[in-house]
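Line by line, the protein sequences give chains P and U. Position 25 of the first sequence, counting from 1, maps to 102 under my numbering, and the rest follow consecutively. Position 46 of the second sequence, counting from 1, maps to 1235 under my numbering, and the rest follow consecutively. All C-beta atoms, glycine included, are put in the ideal place defined by N, C-alpha and C. Given the structure is predicted, the values throughout are model-derived calculations rather than measurements.
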Amino acid sequence: SQQGEEDPQALSIQEGENATMNCSYKTSINNLQWYRQNSGRGLVHLILIRSNEREKHSGRLRVTLDTSKKSSSLLITASRAADTASYFCATDANTNAGKSTFGDGTTLTVKP
Amino acid sequence: EAQVTQNPRYLITVTGKKLTVTCSQNMNHEYMSWYRQDPGLGLRQIYYSMNVEVTDKGDVPEGYKVSRKEKRNFPLILESPSPNQTSLYFCASSVRNWGGEKLFFGSGTQLSVL
């Protein structure tokens, strides 16, 4: 199964609300990244958090990492309709630098 | 403009007819990778390349070939496509080992094998 698994699979909220997505993984990692994908388009990098970091912020994004639970969360605050997209976490295995594993994604819908 | 360019954007072919999807990046990146995306399965890595002449298998390499003769190009070859290779394909690159660097993605190639 996938190294990264997102939860929930789908999330629907009103504009202005916060959206939280979770990612769990199975093996030890060096880094975890979050990406965004607008319908059928290429993924766009949002934020990277290293295994020795616990929290990171970028604008309205907040990412946490708990290596003891092998999980990460992405929080989008004050959501906008333009945030509607799918969000994926991606992990690198610290035993194989080149391999990348993406989760199945969370589809976020923000209603105006 | 820094970008990863994939061609074609859409491709319809028949079983067994060899095809190549091209991928080119203009950022002098060392690392390149191919993924396929299927509904409900996220992105799965097919092959990756850490540098010129260095390629390795990802999680789903069966039925695919790649080559990395030049730094900028990383074509994906399907020698004998089958219907189960119908998918949305993405090429991506990063400066070096991708884990500590962000991946830049192409716009995708929607492949249908009849």
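A distance below 8 Å separates the beta carbons of U:Thr-1298 and U:Arg-1198.
When 7 Å is used as the limit between beta carbons, P:Arg-118 is near these residues of chain U: Ser-1296 and Gly-1297, in chain order. Per DSSP, reduced to three states, the secondary structure at U:Asn-1273 is helical.
Taking one beta carbon from each stretch, the region 1252-1263 of chain U and the region 181-189 of chain P have fewer than 3 pairs nearer than 8 Å; the two do not touch. Counting other Cβ atoms within 10 Å of its Cβ, P:Ile-126 reaches 16 or more and is therefore classed as buried.
Those residues of the region 119-145 of chain P placed with their C-beta closer than 8 Å to a C-beta in chain U are Gly-119, Leu-120, Val-121, His-122, Leu-125 and Arg-127, ordered along the chain. Think of a sphere of 7 Å around the beta carbon of P:Asp-181: the chain U residues whose beta carbon falls inside it are Gly-1229, Leu-1230 and Gly-1231, in chain order. The DSSP-derived three-state label of U:Gly-1231 is strand.
Beta-bridge partners assigned by DSSP to U:Phe-1263: none are found. In the displayed model, U:Gly-1289 falls within a helix according to three-state DSSP. Relative to the Cα of P:Gly-136, the nearest Cα in the group P:Gly-180, P:Asp-181, P:Asp-160 and P:Ala-87 belongs to P:Asp-160. Proximity to P:Gly-175 across U:Thr-1211, U:Asn-1240 and U:Ser-1213 peaks at U:Asn-1240, based on C-alpha coordinates. Relative to P:Ser-163, the option among P:Asp-169, P:Leu-151 and P:Lys-103 whose CA is nearest is P:Leu-151. Three or more Cβ pairs drawn from the region 116-126 of chain P and the region 1274-1294 of chain U lie within less than 8 Å of each other, which places the two stretches in contact.
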